[in-house]
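Numbered per this note's numbering, the sequence shown spans residues 19 to 397. Ideal placement from N, C-alpha and C gives every residue a C-beta, glycine not left out. Because the structure is a prediction, the values reported are computed rather than measured. Heads up: the structure comes next, in structure tokens.
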Amino acid sequence: MITQKYIVVGAGLFGATVAEKLSHQAPVLIIDRRPHLAGNVYSHFDEATGIEVHDYGSHIFHTESDEVWDYITQFTDFNNYTHTVNTRYQGELYPMPINLDTINKLYGQDMDTEGAERFVAKEAKADSEKEGITDPQNFEEKGISLVGRKLYEAFLKGYTEKQWNTKATNLSADILKRIPVRFSHDNRYFITAKHQGIPVEGYTKIVENMLSSENIETRLSTSFKDIEAEIPEDAMVIYCGPVDELLDYELGVLPYRSLRFETEVVENSEQKEAVINEADPDVPYTRTHNFKYYQIHRPEVVNQSTSILMREYPADFSKGAEPYYPVNTEESEKLYQEYVKLAKEKYPNLILGGRLGAYKYWDMDVAIKNALELVERIK
Ligand SMILES: Cc1cc2nc3c(=O)[nH]c(=O)nc-3n(C[C@H](O)[C@H](O)[C@H](O)COP(=O)(O)OP(=O)(O)OC[C@H]3O[C@@H](n4cnc5c(N)ncnc54)[C@H](O)[C@@H]3O)c2cc1C
Numbered sequence: 019m020i021t022q023k024y025i026v027v028g029a030g031l032f033g034a035t036v037a038e039k040l041s042h043q044a045p046v047l048i049i050d051r052r053p054h055l056a057g058n059v060y061s062h063f064d065e066a067t068g069i070e071v072h073d074y075g076s077h078i079f080h081t082e083s084d085e086v087w088d089y090i091t092q093f094t095d096f097n098n099y100t101h102t103v104n105t106r107y108q109g110e111l112y113p114m115p116i117n118l119d120t121i122n123k124l125y126g127q128d129m130d131t132e133g134a135e136r137f138v139a140k141e142a143k144a145d146s147e148k149e150g151i152t153d154p155q156n157f158e159e160k161g162i163s164l165v166g167r168k169l170y171e172a173f174l175k176g177y178t179e180k181q182w183n184t185k186a187t188n189l190s191a192d193i194l195k196r197i198p199v200r201f202s203h204d205n206r207y208f209i210t211a212k213h214q215g216i217p218v219e220g221y222t223k224i225v226e227n228m229l230s231s232e233n234i235e236t237r238l239s240t241s242f243k244d245i246e247a248e249i250p251e252d253a254m255v256i257y258c259g260p261v262d263e264l265l266d267y268e269l270g271v272l273p274y275r276s277l278r279f280e281t282e283v284v285e286n287s288e289q290k291e292a293v294i295n296e297a298d299p300d301v302p303y304t305r306t307h308n309f310k311y312y313q314i315h316r317p318e319v320v321n322q323s324t325s326i327l328m329r330e331y332p333a334d335f336s337k338g339a340e341p342y343y344p345v346n347t348e349e350s351e352k353l354y355q356e357y358v359k360l361a362k363e364k365y366p367n368l369i370l371g372g373r374l375g376a377y378k379y380w381d382m383d384v385a386i387k388n389a390l391e392l393v394e395r396i397k
């Protein structure tokens, strides 16, 4: 029997934040159809090596928001990990996003900021003229017009085509809004993050701590449809799942990209960093993760000879597959809005939330911020 006033569907960071905040006012039931807490930030510690494996791909917490940082640090401490990424292209590693060192290494030069800026602008202009690009119509033309063909082919084309499983000429020019280059040596991946790190006891523990109140009941391996009939009429449901599935795909399937992960235990791996992007078109995966390098607060874990590597393969999405990245186009946004309308009619006491309910890609901090704002509105 369900007696709680609030029912949160989905125990990811969004649902956990909503449940935690609402539990100060009233009893909350939180459910998840997965057998574990934490949604896509779920991780486990490998018994043999003590390495924290991020089961749904590498997660680095980063935020510009003091509000989010103050909130999340009530439930965990973070280490001082600062994320950097190299891209592997034709057997060499280059800093990513493209910076001064990337440009100098690719062209075998030693330019300073002004020199590199002039050089890239000249390359971009010359290549655009050669290829007759005046008003870029697709991702490829936009990339060439911003950085020239050589940088584009090395760092933008292969990676992007693998991610989307289509030619760059079929992708929108809008994906590249501005020049994806830093003309400095700064190789921090999250350059604007005021706070970043990896939770010292792992991601799952954060959510366990958030849901530890006596006012919160948690049910795992339980889907919304399992409990729908029991929900009291005056209860409020915060639903963090896909809206098309909620409405039995009545209007069609919302498009997503999916992923497939492959893990391998390796001795003396050559990869000495947490993430390498794979730019070569003939390498079928986009990223290789070496998880132990996130554990900088545990030198015994980092310094051991064993690594757990994870290769991330982009995958097509179909109904029933894991939805990772929404494909946000005008058409899909229209379909999503029609679903929102239908959901309001069919479920007047249900609020859509989380990255799935909102049909948006959100970083963890954005999910938490939006959850905090939703609770304020509910109150
Ligand atoms: C590969 C990858 C890497 C990422 N890396 C980063 C990163 O480095 N840094 C960062 O800040 N963010 C990162 N993110 C984003 C991060 O994963 C999300 O911000 C976060 O997971 C959003 O939380 P959520 O609660 O909205 O969604 P989720 O974590 O997806 O939680 C939703 C939960 O709802 C459950 N659910 C859905 N439907 C139902 C139903 N009908 N009944 C019961 N349960 C249901 C699901 O099982 C799931 O557990 C990454 C995302 C991906 C895909």
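{"Check": "Ligand 1 heavy atom lying under 7 angstroms from the CB of His80", "Outcome": "yes"}
{"Check": "Between the CA atoms of Glu291 and Asn233 - distance to the nearest angstrom", "Outcome": "42 angstroms"}
{"Check": "Sub-8 angstroms separation of Val36 and Leu353 beta-carbons", "Outcome": "no"}
{"Check": "Endpoints, beta strand (DSSP E) assigned at Val255", "Outcome": "254 to 257"}
{"Check": "Proximity test, Arg52 beta-carbon vs ligand 1 heavy atom, cut-off 7 angstroms", "Outcome": "yes"}
{"Check": "beta-carbon Tyr312 near ligand 1 non-hydrogen atom, thresh 7 angstroms", "Outcome": "no"}
{"Check": "Contact belief for Lys378 with Val271 at Cβ below 8 angstroms, rounded distance in angstroms", "Outcome": "In fact, because the Cβ distance is near 17 angstroms, the residues do not count as touching under 8 angstroms."}
{"Check": "Bridge partner(s) assigned by DSSP for Val71", "Outcome": "His62"}
{"Check": "Residue nearest to Asn286 in terms of C-alpha spacing, selected from Lys310, Ser276, Gln214", "Outcome": "Lys310"}
{"Check": "Coarse secondary structure for Asp334, derived from DSSP in three states", "Outcome": "strand"}
{"Check": "Segment limits, beta strand (DSSP E) that includes Val46", "Outcome": "46 to 49"}
{"Check": "Neighbour-count burial assignment, Gln22, 16 or more Cβ in a 10 Å radius", "Outcome": "buried"}
{"Check": "For Gly215 and Phe79, the rounded distance between their alpha carbons", "Outcome": "6 angstroms"}
{"Check": "Sequence-distant residues of its chain with Cβ nearer than 6 angstroms to Ser276 (five each side left out)", "Outcome": "Ala333, Phe335, Ala339, Glu340, Tyr342"}
{"Check": "Any non-hydrogen atom of ligand 1 closer than 7 angstroms to Ala292 Cβ", "Outcome": "no"}
{"Check": "Close beta carbons around Thr210, own chain, < 8 angstroms, minus the five adjacent residues each side", "Outcome": "Glu82"}
{"Check": "Endpoints, the beta strand (DSSP E) within which Val103 is located", "Outcome": "103 to 107"}
{"Check": "Inter-residue spacing [alpha-carbon to alpha-carbon] between Val103 and Phe279", "Outcome": "19 angstroms"}
{"Check": "Contact with chain D by Asp119, beta-carbon distance below 8 angstroms", "Outcome": "This model lacks chain D altogether, as it is built from one protein chain only."}
{"Check": "N-terminal and C-terminal residue of the alpha helix (DSSP H) that Tyr177 is part of", "Outcome": "176 to 182"}
{"Check": "Runs of alpha helix (DSSP H) wholly within the stretch 261 to 288 (minimum 4 residues, chain order)", "Outcome": "261 to 264"}
{"Check": "Distance CB(Leu124)-CB(Phe157) smaller than 8 angstroms", "Outcome": "no"}
{"Check": "Three-way DSSP call (helix, strand, coil) for Leu370 in this model", "Outcome": "strand"}
{"Check": "With 16 other Cβ atoms within 10 Å as the buried cut-off, status of Tyr267", "Outcome": "exposed"}
{"Check": "Pair within 8 angstroms by beta-carbon distance, Lys175 and Ala186", "Outcome": "yes"}
{"Check": "C-alpha distance - Asn183 paired with Leu390, whole-angstrom precision", "Outcome": "36 angstroms"}
{"Check": "Euclidean distance between Cα positions of Tyr89 and Pro217", "Outcome": "14 angstroms"}
{"Check": "Any non-hydrogen atom of ligand 1 closer than 7 angstroms to Asn13 Cβ", "Outcome": "Beyond the ends of the chain as shown, which are 19 and 397, falls residue 13; an answer cannot be given."}
{"Check": "heavy atom of ligand 1 below 7 angstroms from His77 C-beta", "Outcome": "yes"}
{"Check": "Beta-carbon contacts of Leu360 that lie in its chain and below 6 angstroms, excluding the five residues immediately before and after", "Outcome": "Leu265"}
{"Check": "Nearest-angstrom Cβ-Cβ length linking Leu238 and His54, presumed shorter than 8 angstroms", "Outcome": "7 angstroms"}
{"Check": "Beta-carbon proximity check, Glu296 vs Arg52, cutoff 8 angstroms", "Outcome": "no"}
{"Check": "Stretch pair the stretch 128 to 146 + the stretch 158 to 171: three plus CB contacts closer than 8 angstroms", "Outcome": "yes"}
{"Check": "Ligand 1 heavy atom lying under 7 angstroms from the CB of Asp334", "Outcome": "no"}
{"Check": "Assigned secondary structure, Gly215 (DSSP; H/G/I helix, E/B strand, else coil)", "Outcome": "strand"}
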